[in-house]
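These protein sequence lines are chains A and B, in that order. Residue numbering for the first sequence is 684 to 1040, as defined by the numbering used here. Residue numbering for the second sequence is 541 to 792, as defined by the numbering used here. Using N, Cα and C, we set each Cβ at its ideal position, and we do this for glycine too.
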Amino acid sequence: MSLRLAVAAALGALALFPLAGRDYYATLMLPFFGYGIALLGLNLLFGTTGLLSFGHALFVALGAYTAAFLTSKLGVLDLEVILMAAAVAGAVIALPTGLLCVRYVRIYFGMLTLAFGMLFYSFLLKFYAVTGGDEGMRVLRPRLLGLAWASFGKVEFLTGPFYYYSLAVLVLGAVVMWRIVRSPFGLGLAWTSFGKVEFLTGPFYYYSLAVLVLGAVVMWRIVRSPFGLGLRAIRENAGKAEFTGVDVRRYRLSAFVVAAVFGAVGGALLPIPTGLADPLLAYWTHSGNLVFMLLLGGFGNFFGPVLGAFVFIVLQDQVMSITQYWRFVFGAILAVVVVFFPQGLTGLLDRRQRAGT
Amino acid sequence: MSVLLDARGLTKRYGDFTALDGVSLTVSEGEFVSIIGPNGAGKTTLVNIVTGLAPPTAGQMSFRGLDIVGAGPVTLARRGLARSFQLVNVFPALTVAETLAVAVCARLGRGRRFWSSLAADRAVHAEVGEIAAVFGLADRLARLARTLPQGDKKLLDVASAFALGPELILLDEPTSGVSTADKHAIMDVMVGAARRLGVKAIVQVEHDMDIVFGYSDRIVALHQGRVLADTTPDGIRRDTEVVATVLGKPRS
């Protein structure tokens, strides 16, 4: 009950946020949406299935480069197509890598995923002709929902089966409509007529938020399905799960692929604000950042990773503006979290809630 | 009586050590079979091989006429062969209901459904409730497995094997770690559950001779990886060699 309230309040706040006119902070939220989606995937692997990946950045980078390749090389500008392509690319790469990785557990799984991540990083760095090497690749501004407003009926799709979220999504749709009606450009206009900041803090902001909400709804369903129960059984006791009729290898591979798809979809949103996809997205420290966000928010709670991404983005912005030694500060924070709050921020909230009741 | 399990000449070697040496075991519908023997006789090895945890070095096994050598636990569960473990083996952070639901989902073929709501699945809930009731766990459905007392954990482990709806179930020391006073109660629950849930045969590994003689139709005595005797409880009592090596003292 209180969870639903908190989620509704957070959604409401996020929906109203750009209207406050602080474009800087609205833009700051954009990577949060992308990371939030990617982290939902990472947590399906770790929090639900018990496999800690140190190579999740591979899929984030894959999504980012999919966006770059489609927009700047093939001229595909529709974000829906880009997100679908990123999801497919994530699944296609995750199948063979996952087949190898899920043969192992614990640190061996982590190291193998790290190795694949670094392999992809090297690929991005060295295949200059395809990827632009260390200069990265341009990402052009995508079209959202085609050119016309008529296609906004898609929002209704969200409100159908997902009754938990229908209210929040309807509010979202209303705010979007309100922004649209208020916009001086009117119906049937391409997003290209927006200035860059206007585009990012207006249509793109709500689009990303909607993708994050949709991703969360999809992941919520997966975690609460019979398949999700099987994953939790594997996390708790893989040997016993096998004897309780759960095909452990197949389940782990499925979780790996779903996590990769979420990573790639989130990754496809990431480079759009900056307009650049660069190889560092695949570097192992980026995977480390993703794990940091997960630990910070708490992997034991469904919304932990999303909260972790949010706090990480805001904190990074604040600390970087104070000191250039922000990595030092973050290292200290990580140490404190691991030692004193192993359940992360959501664990802290849970504990307080339990003490209160 | 039709034969469920037919294993012949099962041999398991670990390097130079022979854990099982040409052991044969048949189990038919309606039977309660106990496997006894001193420590290291190969009892658990036999159960592990039959349930697909380890492959045999040599020998044949079939279940309801189908070859099961090399079949993994998931395949065996689907065909109707389940087991429980000697040491308490639960999902610590899953509730009693969730633990049973894992097995029920596997039995009903729900495992690949990643888009349907488990909470809204009435068929699964009905079966979980039925099995919990049979095992006396109905009032503990929402408790995490790790918070249960030892006896209930053991019961939950066994119950989740029953929840797979097997025809043959292998119980590796179902009453180990349980106080003597509770042993008969647990056995009665399991035998009753087998009858109510349509389990056609039970094989158990057991050390407690009161339990063995109290419940078995047939007893298989193992010693140093070989079958010493395979006969009725009365036959075992009359077999002086078994009495000397396995039971350790003459029984009246």
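For A617(B), the C-beta contacts it makes with chain A under 8 Å involve F926, T927 and G928, in order along the chain.
The C-beta distance from I751(B) to T785(B) rounds to 19 Å, too long to fall under 8 Å, and the pair is not in contact. Put simply, the segment 557 to 570 of chain B does not touch the segment 602 to 615 of chain B. Fewer than three CB pairs are less than 8 Å apart. Taken through DSSP and simplified to helix, strand or coil, A581(B) comes out as coil. Taken through DSSP and simplified to helix, strand or coil, A673(B) comes out as helix. Judged by beta-carbon spacing, G971(A) lies beyond the 8 Å limit of T1029(A), meaning their Cβ atoms are not closer than that value. The alpha-carbon separation between G592(B) and P613(B) amounts to approximately 5 Å.
Of all residues in the segment 649 to 660 of chain B, the ones placed with a Cβ closer than 9 Å to any Cβ belonging to chain A are R650, G651, R652, R653, F654, W655, S656, S657, L658 and A659, in chain order.
Beta-bridge pairing by DSSP links S736(A) to no other residue. Per the C-alpha coordinates, the member of R683(B), A646(B), Q690(B) and T635(B) positioned closest to F702(B) is A646(B).
Residue range G987 to I1005 is occupied by the alpha helix (DSSP H) that includes Q1001(A). The C-beta separation of G610(B) from G549(B) comes to about 16 Å, leaving the pair out of contact by the 8 Å criterion. Rounded to whole angstroms, the gap between the alpha carbons of A594(B) and V931(A) is 16 Å. With respect to chain A, the C-beta atom of A733(B) has no partner C-beta closer than 8 Å. Under the Cβ distance rule, A678(B) does not count among the residues neighbouring chain A, no pair being separated by less than 8 Å. Here the segment 941 to 949 of chain A lies against the segment 766 to 783 of chain A, with 3 or more beta-carbon pairs under 8 Å apart.
Of all alpha-carbon atoms in R935(A), K923(A) and T796(A), the one lying nearest the alpha-carbon of A965(A) is that of T796(A).
With respect to chain B, the C-beta atom of A777(A) has no partner C-beta closer than 8 Å. Runs of the alpha helix (DSSP H) spanning 4 or more residues and lying entirely within the segment 708 to 765 of chain A occur at 740 to 751, in chain order. In terms of Cβ geometry, Q764(B) and S574(B) do not form a close pair [threshold 8 Å]. Note that the C-beta distance between Y748(A) and M820(A) is below 8 Å.
Exclusion of the five residues before and after F625(B) leaves D697 and D712 as the residues of its chain whose Cβ lies within less than 8 Å of its Cβ. Remark: C-beta atoms of L952(A) and H739(A) do not approach each other more closely than 8 Å. Burial check for V894(A): the Cβ neighbour count within 10 Å reaches 16 or more, so the residue is buried. Only those residues of the segment 883 to 910 of chain A whose C-beta falls short of 9 Å from the nearest C-beta of chain B are listed: V901, R904, I905, R907, S908, P909 and F910. Residues T551, K552 and R553 of the same chain have their beta carbon placed closer than 7 Å to that of T597(B), with the five preceding and five following residues left out of the count. Collapsing the DSSP output to three states places K552(B) in a strand. Of the residues S805(A), Y888(A) and L936(A), the one whose Cα lies closest to the Cα of L783(A) is L936(A). The beta-carbon of L713(A) is placed no less than 8 Å from the nearest beta-carbon of chain B.
Remark: C-beta atoms of V822(A) and G987(A) do not approach each other more closely than 8 Å. The count of Cβ pairs closer than 8 Å, one atom from the segment 578 to 593 of chain B and one from the segment 774 to 782 of chain B, stays below three, leaving the stretches out of contact. Contact annotation, L745(A) with G950(A): C-beta distance approximately 6 Å; criterion of less than 8 Å satisfied. Less than 8 Å divides the Cβ of V642(B) from the Cβ of T927(A).
Distance from the CA of A751(A) to the CA of L757(A), rounded to the nearest whole angstrom, comes to 9 Å. Within chain B, E638, A641, V642, C645 and L658 have C-beta atoms less than 7 Å from the C-beta of L912(A), given in sequence order.
When DSSP states are grouped into helix, strand and coil, D774(B) belongs to the helix group.
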